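>
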Amino acid sequence: MIYERVTEELKERFREAWAVAVLTGAGVSAESGVPTFRGGGGAAVWRGMPVEKIATPEMWRADPVTFWQWYAYRREVIGRAEPNAAHRAIAAWERRFERLTVITQNVDGLHQRAGSRNVLELHGSLWRVRCPQCGVKMEDRRVPLPEIPPRCPSCGGILRPDVVLFGEAVPEAVFSQAVAATATCDLFLVVGTSAIVYPAAALPVLAKQNRAFVIEVNPETTPVTEIADVTILGRAGEVLPRLSPEGNGGG
Ligand code: BJW
Ligand code: ZN
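By numbering that gives the first Met the number 0, the letter at position 113 of the sequence shown is numbered 112, and the numbering carries on one by one without gaps.
1) Closer than 6 Å is what we want: which residues have a beta carbon that near any heavy atom of the ligand ZN? List them in chain order.
2) Mind checking whether the beta-carbon of serine 124 lies closer than 7 Å to any heavy atom of the ligand BJW?
3) Check the C-beta distance from leucine 186 over to alanine 211 and give it rounded, since I have them as a contact under 8 Å.
4) Would you call the stretch 94-102 in contact with the stretch 64-83, where contact means no fewer than 3 C-beta pairs closer than 8 Å?
5) To the nearest angstrom, report how far apart aspartate 139 and glutamate 81 are at their CA atoms.
6) Ends of the alpha helix (DSSP H) at valine 178?
7) Classify glycine 248 as helix, strand or coil using the three-state DSSP reduction.
8) Classify serine 153 as buried or exposed, calling it buried when 16 or more other Cβ atoms lie within 10 Å of its own Cβ.
9) Roughly how many angstroms separate the alpha carbons of isoleucine 231 and methionine 0, rounded to a whole number?
10) I'd like to confirm the pairing. Which residues does DSSP put opposite lysine 136 in its beta bridges?
11) Assuming alanine 227 is part of the beta strand (DSSP E), what are its boundary residues?
12) Does any CB atom of chain D fall closer than 8 Å to the CB of cysteine 151?
13) Would you list the residues sitting across from methionine 48 in a DSSP beta bridge?
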């Protein structure tokens, strides 16, 4: 069912839930000024290349300069961004429910900055790098980067962001925790994702199969709309605070 607003019935569902999982995508950070990958009818294109071409290990190997220019640009945008009302509402829910798991496809760290502690980063973090040559992995918050591509302080190899690129596997341990949280929740929210990138896109279906009530929040319909119990058409920063009175923003 498609709703244009948060109804009393939905607030009631929310009040009665005890184990909640929230799957988020780029749309949850859109109101923080972070561009989405797709959405708005358009495909993600940067310098004429779709994201499916840039965010690949092949691109990192073949053209690390272009690859890192894209990541350097994103680190600048995301480095300036602040968590928004949607991130804050989700963080406040941790105090409300027996169990709350945030399963995010985002690499921006904004859920954690809003105060969420139980966050599963399916696609890694923009603020970690690793060196495929010697295996070193470290936090790296430098903006701007001192050199492009950035090099490993231990061996001089070309670093890569510790994110999951196309064709790479989502880390097994993180994904199995996401599957467990999804299969055992009674309320599953899908917020701000086009829900076309696998394996994340399989989680709403799994939630439904395990009888969770599935609520989608997105200004546009997605493949999840077909299986969701309710799709609320709207922006995350406006809709999420309305689901629960204490979630900042009220009413
Ligand atoms: C708002 C809003 C507001 C706007 N409020 N909402 C099965 C079928 C078909 C294909 C595959 C399949 N299995 C695997 C594949 C291939 C591929 C894939 O899924 N491709 C699809 C494009 C079809 N998947 C993979 O390659 C994955 N790996 C894999 O499967 O490995 C298999 C393997 C196993 C064992 C060994 C080896 C391999 C990995 C996928 C990794 C995705 N990586 C990226 C980049 C991460 C790093 C980075 O950020 O740089 O992740 S791609 C990009 O897409 C990023 C995102 O996390 C991801 C999802 O995008 P998201 O979050 O949904 O954003 P958008 O932009 O698409 O949507 C935004 C939404 O917000 C829109 O709906 C708007 O309407 C909405 N919105 N304003 C609320 N204010
Ligand atoms: Zn190294």
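From the three backbone atoms N, C-alpha and C, an ideal C-beta is built for every residue, glycine too.
Since we're looking at a predicted model, the values are computed, not measured.
Here's the rundown:
1) For the ligand ZN, the selected residues are Cys130, Gln132, Cys133, Val135, Cys151, Ser153, Cys154 and Gly156.
2) Serine 124 has its Cβ no nearer than 7 Å to any heavy atom of the ligand BJW.
3) Indeed they touch by this definition, with Cβ atoms about 6 Å apart.
4) The count of Cβ pairs closer than 8 Å, one atom from the stretch 94-102 and one from the stretch 64-83, stays below three, leaving the stretches out of contact.
5) If you take the alpha carbons of aspartate 139 and glutamate 81, they lie about 18 Å apart.
6) Start and end: 171-182.
7) Model confidence at glycine 248 stands at a pLDDT of 42, short of 50, so the residue's coordinates are unreliable; what they give is reported in the following sentence. Three-state result, glycine 248: coil.
8) Exposed, because fewer than 16 other Cβ atoms sit within 10 Å of the Cβ of serine 153.
9) One Cα belongs to isoleucine 231, the other to methionine 0, and the distance between them is close to 9 Å.
10) Bridge partners of lysine 136: Arg129.
11) Per DSSP, alanine 227 belongs to no beta strand (DSSP E) and is neither H nor E.
12) The structure shown contains no chain D, having only a single protein chain.
13) For methionine 48, which the question treats as bridged, DSSP gives the partners Trp45.
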